[in-house]
Amino acid sequence: NAAARNLRDAIELADEDARAEVLDLFAGSYGIFNTLARKTYLGLVQYTPKLWGQFYSLLENPLLDKHLGHFPRLQEMLEKVLAETQPDCVVSTYPIYAHVIRKIVRGHPERPFPLITIVTDSITINSAWFRAPSDFFCVANDATADALRRGGVPEKQIRVLGFPVSPVFASTLMELPLPVSEEPRRVLYLINTGKKKAGKAIDRLLELDNVHLTVSVGRDAELRARIIERTRDCGGRVKVLGWTNQMPELMMSHHLVISKAGGATVQEAIAARCPMIVNQVIPGQEEGNAQLIEKFNLGAVVEKNKEIAEAVELAFAKRASLWSEWRKNLKKISRPDAALKIAELILEESQRDSPVRKPVQLFETAPARVMRPPSFPNGSGGAQMLLCDFHIHTNYSDGKLSVPEVVDFYGERGFDCICVTDHLADPKRLLGKLSELTNMTLAQGQVGEYFAVIERERQRAWRRYKMLVMTGIEFNKDGYTRKTSAHLLGIDLKAPVDPS
Numbered sequence: 124n125a126a127a128r129n130l131r132d133a134i135e136l137a138d139e140d141a142r143a144e145v146l147d148l149f150a151g152s153y154g155i156f157n158t159l160a161r162k163t164y165l166g167l168v169q170y171t172p173k174l175w176g177q178f179y180s181l182l183e184n185p186l187l188d189k190h191l192g193h194f195p196r197l198q199e200m201l202e203k204v205l206a207e208t209q210p211d212c213v214v215s216t217y218p219i220y221a222h223v224i225r226k227i228v229r230g231h232p233e234r235p236f237p238l239i240t241i242v243t244d245s246i247t248i249n250s251a252w253f254r255a256p257s258d259f260f261c262v263a264n265d266a267t268a269d270a271l272r273r274g275g276v277p278e279k280q281i282r283v284l285g286f287p288v289s290p291v292f293a294s295t296l297m298e299l300p301l302p303v304s305e306e307p308r309r310v311l312y313l314i315n316t317g318k319k320k321a322g323k324a325i326d327r328l329l330e331l332d333n334v335h336l337t338v339s340v341g342r343d344a345e346l347r348a349r350i351i352e353r354t355r356d357c358g359g360r361v362k363v364l365g366w367t368n369q370m371p372e373l374m375m376s377h378h379l380v381i382s383k384a385g386g387a388t389v390q391e392a393i394a395a396r397c398p399m400i401v402n403q404v405i406p407g408q409e410e411g412n413a414q415l416i417e418k419f420n421l422g423a424v425v426e427k428n429k430e431i432a433e434a435v436e437l438a439f440a441k442r443a444s445l446w447s448e449w450r451k452n453l454k455k456i457s458r459p460d461a462a463l464k465i466a467e468l469i470l471e472e473s474q475r476d477s478p479v480r481k482p483v484q485l486f487e488t489a490p491a492r493v494m495r496p497p498s499f500p501n502g503s504g505g506a507q508m509l510l511c512d513f514h515i516h517t518n519y520s521d522g523k524l525s526v527p528e529v530v531d532f533y534g535e536r537g538f539d540c541i542c543v544t545d546h547l548a549d550p551k552r553l554l555g556k557l558s559e560l561t562n563m564t565l566a567q568g569q570v571g572e573y574f575a576v577i578e579r580e581r582q583r584a585w586r587r588y589k590m591l592v593m594t595g596i597e598f599n600k601d602g603y604t605r606k607t608s609a610h611l612l613g614i615d616l617k618a619p620v621d622p623s
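For what it's worth, my numbering labels the leading residue of the sequence shown as 124, then goes sequentially.
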């Protein structure tokens, strides 16, 4: 959950002594069934979005309250986590958790910790978000706050602080040149829906004068290969990315973003002050996000892929007058520092002395987690063995975890030092080209991003875990026989190296 990870980063930036953990208890407690449910959800929203909208609307029924909290495995795991950690504060970015916590504390006069719910939807929000009690409900804007008030949430429990986007938005906000005359119109196209028709949409966009496209396809290697082949003759006007950890930088450096009306994506566009063209809205769940774009005139909502290019052309027409209006409106409501503001509230509630809560013992005191004692930075305490791993792949090549997830995986297990060494093949060789098209190696166009992301995570790893993180690369010289192939592991690299 992006909102949860962003809040963790903001909390640790605001207070170096604070420790925040992000937990996905559905994945941990239901395993393969959770994976199956996620795939079913993705299938529903892609092929039968109206059916999903009808199901989502069922959650509005208050009679379902007792069922919203009925997840026995999840409840058992959450009870265990609360007993082990004895948290000073619990923050929920998903509506189900507050209902489960209500079941856990039933029969007790008071929760032994404050609970803060971060409502990640906008304007038309499902009442499941607020039908279970929380101390505070943090919302992205006044329109969403009004929805909570109409639902009966007391004013004192509502905080309009913005959506918790990455703290990077607050630290590196940049001004873009006006997209007029010969200035390139930089358009970011996030393909997460309508993949079969995406190629035609790209063709139409490239028919527009001075439009330069950055296309992100996520982990879909086949789609990436098709688009690279389709745009091969477009010169420097098209850049095709796979998975990226630099969405803040991308949004802040582009004039327009095209994507579905996902809650995080819409809020990131607002934080980056990047006008948005919405090309799909999931009924129920995303309708409020699309309404937000239209109500505040922050971009456009189109119904068909062929309308995307028309909306882009209109935005940049007449010396970009419509685009300038969208941009001005975005500046009025943008809250790039929202995660830091919410972090301040969380830390304040965590440190607040509560005579009502302190005597409550909901759980027996659990033994502390078994962790290896930290090493001493000044060399005192005697020699000891260090726990290291210098050969790790992420989803920049053939790994499964992102760089931040790798850092947390090793940091939480007490490692002293790691080196991320994703595959990089010579793109001039045939096998190198094939590997890049299948996401098996680091894309040549993302080497700079790779170094920048690991540097950012290096700082976080030391701040949070006192763990050293180094940048490395596994250079691949792939041939057709054993004698014509070789791998070279580069450790602690300071800058990109030409793989040839």
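The C-beta atom is built at its ideal place from N, Cα and C for all residues, glycine as well. Predicted model only: the values in this text are computed from it and were never measured.
Membership of K362 in the beta strand (DSSP E) is indicated by the continuous run V361 to L364. For L379, there is no enclosing alpha helix (DSSP H); the residue is part of the beta strand (DSSP E) that begins and ends at L379 to S382. Counting of Cβ neighbours within 10 angstroms places R131 among the buried residues, the total reaching 16 or more.
Every beta strand (DSSP E) of 3 residues or more that sits fully in the region 252-339 is shown, in chain order, as 259-262, 281-283, 308-313 and 334-339. As the crow flies, the alpha-carbon of G275 is around 37 Å from that of M375. In the DSSP assignment, S447 falls within the unbroken alpha helix (DSSP H) covering K429 to I456. In this structure, G322 is the residue among Q474, L373, N452 and G322 with its C-alpha nearest to the C-alpha of I351. As computed with DSSP, G422 is found in a beta bridge with M399. In summary, P300 is exposed, with fewer than 16 beta-carbon neighbours lying within 10 Å of its beta-carbon over all protein chains present. When only Cα atoms are considered, A392 and R360 end up about 22 Å apart.
Secondary-structure assignment with DSSP links M593 through a beta bridge to C542. Excluding the 5 residues flanking it on each side, E330 has same chain C-beta neighbours closer than 8 Å at A432, in chain order. For secondary structure counted as the beta strand (DSSP E) over 3 or more consecutive residues, the region 186-233 holds these complete runs in sequence order: 213-215. By the CB criterion at 8 Å, N518 and W366 fall inside the cutoff. Look at T240 here: in three-state DSSP terms it is strand. DSSP places L510 outside both helix and strand once states are collapsed to three, so it counts as coil. Per DSSP, G358 is not a residue of any beta strand (DSSP E), being assigned neither H nor E. Under the three-state reduction of DSSP, A618 is assigned to coil, being neither helix nor strand. The region 214-230 and the region 238-250 touch, with three or more beta-carbon pairs separated by less than 8 Å. Bridge partners of A548 according to DSSP: N599. Y312 and N402 have their C-alpha atoms some 10 Å from each other. Here DSSP, grouped into helix, strand and coil, assigns I416 to helix.
Here the alpha carbon of I248 sits roughly 8 Å from the alpha carbon of Q408. About 4 Å separates the beta carbons of P371 and V291, which is inside the 8 Å limit, making them a contact pair. In the DSSP secondary-structure assignment, L611 is bridged to F598. For K418 and K441, the gap between their C-alpha atoms comes out near 23 Å. Per DSSP, the beta-bridge partners of I515 are V543. DSSP, read as helix, strand or coil, puts T564 in coil. By the C-beta density criterion, I134 is buried, having at least 16 other C-beta atoms within 10 angstroms.
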